[in-house]
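The structure appears right after this line, and notes come after that.
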RNA sequence: GCCGCCAUAGCUCAGUUGGUUAGAGCGCUAGAUUGUGGAUCUAGAGGUCCCUGGUUCGAGCCCAGGUGGUGGUACCA
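Numbering (UniProt numbering), first residue to last: 1 to 527.
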């Protein structure tokens with residue numbers, strides 16, 4: 001024995017988790033359904049390694065001071081930086097560029113696996129987690145984007161979430177145009193545009209007034225921390241907010257907005273556009289209505305107009321295929337992937353609320369998203385390669401499903417063959433072998449404890465049934481089978497010890513040659 | 001990264017103004033029960049009171065730093 005002081009502490013690195021039988025089974029059930037859906041849509045499998053050269057991953061170039069900021073990186077023995085992948089899109093771009101000649105384009109592929117992020121873990125947030133992506137590379141048309149949205153909807157339907165999610169769709173070009181219109185165009189304003197996008201991304205959490213503060217001077221949060229704002233003028237803020245609020249119903253009716261020129265507004269006026277109590281808000285209730293109002297508000301700018309047209313096409317294609325607004329919904333407040341998306345962006349949001357152990361509501365929110373990234377493959381090749389795709393956060397979605405459906409029943413364990421007489425363990429092993437030959441999961445008890453402990457063991461293994469053969473049975477060429485599930489039910493009613501020991505509920509003694517079929521009969525009661 | 005809160009048995013938690021061998025419930029192991037999961041009763045095992053240093057005659061308790069967790073915030077491909 002190692003001296004106590006010298007023991008190594010058995011501990012998992014922060015932000016990583018072991019996953020047991022129950023969780024793995026749930027993951028498998030989920031990923032089977034996702035894979036099935038993707039394949040129905042004609043996507044083929046691809047696997048790439050966990051490691052890539054750091055420069056291939058894109059954003060995080062090797063930085064001498066902080067090579068591990070955000071990603072896990074290490075130097076190969078030839079001094080090249082390698083990193084653990086932080087998503088599945090960058091490796092796909094690399095694969096496509098590297099094998100461009102061989103692939104049939106448009107290339108429809110999917111991939112599944114763990115990705116790694118070196119950042120602060122939180123509840124439900126790990127440094128290793130699972131993603132399941134699908135992408136179409138080499139199709140520039142918005143019909144590809146529309147397909148991605150519809151397939152995402154199909155996938156969530158297949159997982160039993162129909163009516164409990166919505167795929168929100170937006171187009172980055174509209175916002176780009178809006179920002180051009182308020183004087184944030186051009187390379188020199190890239191930083192401020194990013195600040196605006198970040199502010200917009202917080203609409204859910206902070207509400208319109210929080211976003212207004214972040215678009216203006218800045219905002220002080222509850223912990224006293226100050227976040228510097230984008231420094232927009234009140235007019236510009238109104239313009240941006242009016243864009244975001246198109247979908248929320250806050251801007252109805254349409255005429256009220258269009259009757260007031262932007263120059264007439266003063267700070268705070270956006271909120272005064274709210275619908276008066278009970279007045280109609282017909283146009284936000286449909287995707288077409290959102291397109292219409294976007295056209296009225298923002299079509300002056302050519303970039304915005306292009307984005308609106310694309311958005312309209314996606315909505316029309318989805319609609320024509322039977323995906324109504326309850327599944328695929330236009331929503332100008334979705335930004336996502338601040339840096340690299342170039343056109344349509346989408347986000348799968350769960351719309352239900354569950355409560356945690358302490359009864360507090362949890363909003364799961366986004367469980368996946370994606371969009372068009374026409375620039376990503378182009379980093380590796382002279383020619384531009386259009387691409388669109390999305391990613392499902394499997395770990396997060398699984399947590400949501402668990403919260404929704406409750407803990408999955410632990411899968412049934414094997415039949416346990418008890419060993420009452422260690423000298424005859426060979427007979428026990430032969431019985432287990434027969435069961436396996438009959439297609440029944442079975443194991444021989446290999447510990448050193450007595451019968452009572454063996455029963456307890458079988459119970460914990462969630463064994464459906466135990467095989468008992470002591471000297472009594474052996475002499476008669478018999479085995480006793482105990483149905484543990486029925487037995488537990490019978491036991492619940494018993495309070496007297498004597499009754500407990502004598503009734504021996506839910507067990508039968510049968511000739512040994514009938515072992516397999518009798519066990520099958522017990523198992524059949526489960527199904 | 002920044003701000004706050006927390007850390008005692010496998011789990012959930014008590015622990016007095018700083019005072020001798022640190023407790024409970026649940027769980028675990030075993031026995032009562034000659035061959036049966038549950039219930040009941042009995043016994044047992046299980047602790048670096050997160051770590052390091054400081055104050056004190058004396059620290060689970062007070063102080064400082066660290067680590068871990070947690071809540072908010074920032075970042076998020």
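Positions of the beta carbon are idealized from the N, C-alpha and C atoms, including for glycine. Keep in mind it's a predicted model, so treat the numbers as computed, not measured.
- Only exposed fits residue 423, as fewer than 16 other CB atoms lie within 10 angstroms of its CB.
- Excluding sequence positions up to five before and after residue 412, its CB lies within less than 6 Å of the CB of 462 and 464, all in the same chain and listed in chain order.
- Residues of the same chain with their beta carbon placed closer than 7 Å to that of residue 160 are lacking, with the five preceding and five following residues left out of the count.
- Cβ contact annotation for residue 366 (same chain, cutoff 7 Å, sequence separation greater than five): 347, 348 and 349, in chain order.
- Contact check between the region 98–112 and the region 132–152: three or more CB pairs, one atom from each, fall below 8 Å, which counts as touching.
- Taking the CA atoms as reference points, residue 90 sits about 17 Å from residue 139.
- The C-beta distance from residue 391 to residue 369 rounds to 7 Å, short enough to fall under 8 Å.
- Taken atom to atom, the span from the alpha-carbon of residue 243 to that of residue 525 is near 60 Å.
- For the pair residue 204 and residue 335, the CB atoms are not nearer than the 7 Å cut-off.
- Beta-bridge annotation (DSSP): residue 108 is paired with 136.
- In the pairwise beta carbon analysis, the region 154–170 is classified as not touching the region 221–238: fewer than three pairs are separated by under 8 Å.
- The beta carbon of residue 129 is closer than 6 Å to those of 395 in its chain, skipping five residues each way along the sequence.
- Going by beta carbons, residue 507 and residue 482 fall inside the 7 Å limit.
- DSSP links residue 468 through a beta bridge to 480.
- The continuous beta strand (DSSP E) containing residue 443 extends over residues 442–444.
- With respect to the 7 Å criterion, residue 15 and residue 121 are classified as neighbours on the basis of their beta carbons.
- In the same chain as residue 340, and ignoring 5 residues on each side of it, the C-beta atoms closer than 7 Å to its own belong to 373, 375 and 376, in chain order.
- The alpha-carbon of residue 178 is positioned some 40 Å away from that of residue 36.
- Unbroken beta strand (DSSP E) runs of no fewer than 3 residues, entirely contained in the region 365–427, are found at 387–393 and 415–417, following chain order.
- In the displayed model, residue 75 falls within a strand according to three-state DSSP.
- Taking C-beta atoms as the reference points, residue 305 and residue 299 count as a pair closer than 7 Å.
- A buried status is given to residue 173, since no fewer than 16 other beta-carbon atoms sit within 10 Å of its beta-carbon.
- Residue 315 and residue 76 have their C-alpha atoms spaced approximately 48 Å apart.
- Exclusion of the five residues before and after residue 503 leaves 490 and 494 as the residues of its chain whose Cβ lies within less than 8 Å of its Cβ.
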